[in-house]
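Protein chains in written order, with my numbering: chain U, 7 to 415; chain A, 503 to 713.
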């Protein structure tokens, strides 16, 4: 590859006129081949978002009696450290949670675990190890230093997806994403597939929150980039005829620099709200809105809610209000609170306090709604366990009312 | 099946680059150059080295873990280097090298630096617009070939690989540029620039009759 000493360009290095014609024909043939194999893959905004199943089943739902319960997803002392849970309601009605646990965050012994809460009753099942460094190494044919954040969700066809972070080089900003799917609600999984989402050695794409589903079948998964510049992105996954991943592409979101871990909340069939973790010194939760099903986004603006550089999650309630769970502080993750917006994110009414202990950490909350309309929340409890809280809208309203009474003069 | 083909392609690329590296070392250190038989043996040694486990992981897997999408120009340059040190054939002339380093420097700078400067433009996303990207690459390849540059064949190879989806990436830009090719291009252009500045200074001093 050393160019020198460079010869004085003898004529023999130049293509002859005949070779030039042959080369051009070859180039045109290669171009036709490349176009024929995928030239029609055009990127256009989705025609709309599929309403999540709970929205469709909203009619006639009444659960006027306040309900609140709490418990644990991970058993005591299951792993010394547990973090980063993701939760989803399965088509069967069961709830499935995934999180990572090990000796410490980023340790080589960290594994991804799942646990199931059967709709038929009973508690969370014993955690099942789904992925660790060695398994990922075998499935991806490369060195894997550690695994991290995972998101789990069923698509409208019922196929369950798991997207998880793995690191081959460096820290979390060296992360890359991998996808697995399950046709039997997580009993068995397809081998992991690596996604190439960044031109620079495919470094630094991470995932935290659940996706939106376009009407044309595409899945819009919120992801983010952390190395050098920090910004949110939307990863569009296109399932093939067999449901598995056929194509994908990621779109950077301009105007949201310094903001990561986007959480998406569909407002209606076209509009989507994005909540963002703030890494800037402002420490305020930000939001952005899409009018075209998540394809383009407004510049982010800050809300009045604080954000201590911590993950948030949101959910559209059946009555159209938006529920969020977040750390109500500019520093530290010592509390975990709910807030509700009745005007699509323009203003927020602070609701129940889920946790509050000085110097403790409650973080990485995730929300899901079950078929009965009950809301489920899982989060990291002091980095030791994954906690589960469930409640209904009646309880939420009762607590908001009590809060209003307490704060009114 | 595609995964197996991808891994075989990658192993072949690693072996070729190792072979070229070993042959270059032999060329430099063996007086009179290595014989044909030695060069062939170095090829076998390269194939063996690629599978030598380092801390339990073969060398080619380590390379794949770090750099899963080597661009076709980088691999092509590997082939050209291999031709030079193993077959004693110079397939590229001065203009070819200039085109290769110029393209690598410009394309890499645009692709890797723009997210830090112009955040509203997402160049990498266009690489998934297969039609647009392929037409751009096709046009560049035709221009280079019409100009008689053999380096244009590297873009033809990139187009063919894109059609075959020969890399792990589905993005067209990953077929024509990668960080190593970019850095190498910047380094080579810098070296050429430095050399020409020195030459100009020397000739200027000579013309002025200075010692």
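Heads up, the beta-carbon is just placed ideally off N, CA and C, and yes, glycines get one too.
Bear in mind the structure is a predicted one, so any value in this text is a computation, not a measurement.
CA-to-CA distance, residue j to residue i, given in whole angstroms
i                      : j                      : result
residue 212 of chain U : residue 70 of chain U  : 39 Å
residue 509 of chain A : residue 575 of chain A : 19 Å
residue 522 of chain A : residue 548 of chain A : 9 Å
residue 173 of chain U : residue 535 of chain A : 43 Å
residue 52 of chain U  : residue 90 of chain U  : 30 Å
residue 22 of chain U  : residue 647 of chain A : 10 Å
residue 193 of chain U : residue 184 of chain U : 18 Å
residue 256 of chain U : residue 218 of chain U : 14 Å
residue 518 of chain A : residue 586 of chain A : 13 Å
residue 338 of chain U : residue 330 of chain U : 18 Å
residue 332 of chain U : residue 304 of chain U : 22 Å
C-beta neighbour in chain U for residue i, strict 8 Å
i                      : result
residue 687 of chain A : no
residue 539 of chain A : no
residue 616 of chain A : no
residue 516 of chain A : no
residue 513 of chain A : no
residue 590 of chain A : no
residue 509 of chain A : yes
residue 544 of chain A : no
residue 790 of chain A : Since the first and last residues shown for chain A are 503 and 713, residue 790 of chain A lies out of range.
residue 605 of chain A : no
residue 671 of chain A : yes
residue 524 of chain A : no
residue 595 of chain A : yes
residue 654 of chain A : yes
residue 640 of chain A : yes
residue 585 of chain A : no
residue 665 of chain A : yes
Any C-beta of chain A under 8 Å from that of residue i
i                      : result
residue 174 of chain U : yes
residue 76 of chain U  : no
residue 72 of chain U  : no
residue 148 of chain U : yes
residue 323 of chain U : no
residue 30 of chain U  : yes
residue 21 of chain U  : yes
residue 33 of chain U  : yes
Proximal chain A residues relative to residue i, where beta-carbon distance stays under 8 Å
i                     : result
residue 49 of chain U : 627, 630 and 631
Beta-bridge pairing of residue i - partner residues as DSSP gives them
i                      : result
residue 292 of chain U : U:282 and U:308
residue 359 of chain U : U:343
residue 386 of chain U : U:369 and U:392
residue 316 of chain U : None, per the DSSP bridge assignment.
residue 204 of chain U : Bridge partners of residue 204 of chain U: none, in fact.
residue 19 of chain U  : Partner(s): none; residue 19 of chain U has no beta bridge.
residue 94 of chain U  : U:102
residue 239 of chain U : U:229 and U:258
residue 556 of chain A : A:559
residue 152 of chain U : U:173
residue 199 of chain U : U:185
residue 78 of chain U  : U:393
residue 271 of chain U : U:279
residue 375 of chain U : U:381
Neighbour list for residue i in chain U, Cβ cutoff strictly below 8 Å
i                      : result
residue 636 of chain A : 37, 40, 41 and 45
residue 662 of chain A : 36, 39 and 40
residue 696 of chain A : In chain order: nothing, as chain U lies at least about 12 Å away.
residue 535 of chain A : The premise fails here: residue 535 of chain A is roughly 16 Å from chain U at the closest Cβ pair, so nothing lies under 8 Å.
Partner residues on chain U for residue i, Cβ-Cβ distance less than 7 Å
i                      : result
residue 624 of chain A : 257 and 258
residue 643 of chain A : 33
Beta carbon proximity, residue i to chain D, threshold 8 Å
i                     : result
residue 86 of chain U : The chain inventory of the structure shown lacks chain D, comprising the protein chains U and A.
Within chain A, the residues that residue i reaches when beta carbons sit closer than 9 Å
i                      : result
residue 292 of chain U : Residues of chain A passing the Cβ test: none, with the nearest at roughly 16 Å.
Within chain A, partners of residue i - CB distance below 7 Å
i                      : result
residue 305 of chain U : Per Cβ cutoff of 7 Å: no residues; residue 305 of chain U is ~10 Å from chain A at best.
residue 206 of chain U : 614 and 681
residue 235 of chain U : 617 and 618
residue 26 of chain U  : 647, 648 and 650
Chain-ordered neighbours of residue i on chain U, where CB pairs are closer than 9 Å
i                      : result
residue 521 of chain A : What residue 521 of chain A touches in chain U: nothing, since even the nearest Cβ is about 13 Å away.
residue 658 of chain A : 29, 32, 33, 35, 36 and 37
Cβ-heavy atom distance, residue i to the ligand ZN, below 7 Å
i                      : result
residue 630 of chain A : Inclusion of the ligand ZN in the displayed structure is not the case, the ligand content being empty and no account of it being possible.
Name the residues in the stretch 191-202 of chain U whose C-beta lies less than 7 Å from a C-beta of chain A; which are they? Per Cβ criterion, the list reads 200 and 202.
For the stretch 251-280 of chain U, which residues have a beta carbon sitting closer than 8 Å to at least one beta carbon of chain A? 253, 254, 255, 256, 257, 258, 260, 261 and 263
Please identify, using Cβ separations under 7 Å, the residues of the stretch 550-580 of chain A that lie next to chain U, in order along the chain. 559, 563, 564, 566, 567, 568, 569, 570, 571 and 579
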